[in-house]
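All remarks here apply to the structure that follows.
Numbering (my numbering), first residue to last: 410 to 650.
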């Protein structure tokens, strides 16, 4: 709700908590808060809340306001970042192997998986993890490079042929000559993003020297998702049936 987000952006957290309690109790408590508050900003906020509530219950608006406050608090804390490696071990402590992280993330998904990759192989471990997610009701969106759109790409087979998933392509007509779909991204529920150098192949995830960043929380995972979906709406990315 736009009003809730606007109030959260203007008022201190303590004032928002007070406003949530008043709204939950109903219009009379909001009017009492407006009358007793010495803050012009709070008085104006109460008036906005009363307009939104009208003659109905304030519980819905209180929930929206509390949700907006929680989202703002999460964004303010920023994302949790971790480094993911593939390749030789060193004396420096690093995060987990890319393949283990990918399988773990796929198991965490509740609503949506978006997988973007240049080279992609139907490795059994990856296929099984994606299939298990699909059986849980997770929506899966694949954006993969193909020889049909990029003659320089030499893999002619379509990965995960039996997987229940939406498939996008970047048509040759929508890209510059010689351009490649070279991003490697795994998005989980708009809240987690793994972005790095590793393709979704066994060699890249277990043998090559590869590095990626694992982002949990913050705005970046949702922004990456929004960018991909915006490209689809514009027709730059298209359904691949």
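Cβ coordinates follow ideal geometry from the N, Cα and C atoms, glycine included.
For residue 603, the enclosing beta strand (DSSP E) covers residues 601-605. As a beta-bridge residue in DSSP terms, residue 609 pairs with 529. Put simply, of 599, 620 and 601 the residue whose alpha carbon is nearest the alpha carbon of residue 608 is 620.
For the pair residue 457 and residue 632, the Cα-to-Cα distance works out to about 30 Å. Checking the DSSP bridge columns, you'll see residue 491 partnered with 623.
With a threshold of 16 other beta carbon atoms within 10 Å, residue 600 meets it and is buried.
At a Cβ-Cβ threshold of 8 Å, residue 618 and residue 497 count as neighbours. Judged by DSSP secondary structure, residue 550 falls within the beta strand (DSSP E) whose first and last residues are 548-553. The straight-line gap separating the alpha-carbon atoms of residue 431 and residue 449 is approximately 17 Å. In this model, residue 461 and residue 422 are separated by some 20 Å (Cα to Cα). Residue range 575-578 is occupied by the beta strand (DSSP E) that includes residue 576. Our two residues, residue 546 and residue 441, have alpha carbons roughly 47 Å apart in a direct line. Short of 6 Å from the beta carbon of residue 610, and not among the five residues preceding or following it, lie these beta carbons of its own chain, in chain order: 528 and 530.
In the DSSP assignment, residue 616 falls outside any alpha helix (DSSP H), carrying neither H nor E. The criterion of a C-beta distance shorter than 8 Å is not satisfied by residue 605 and residue 501.
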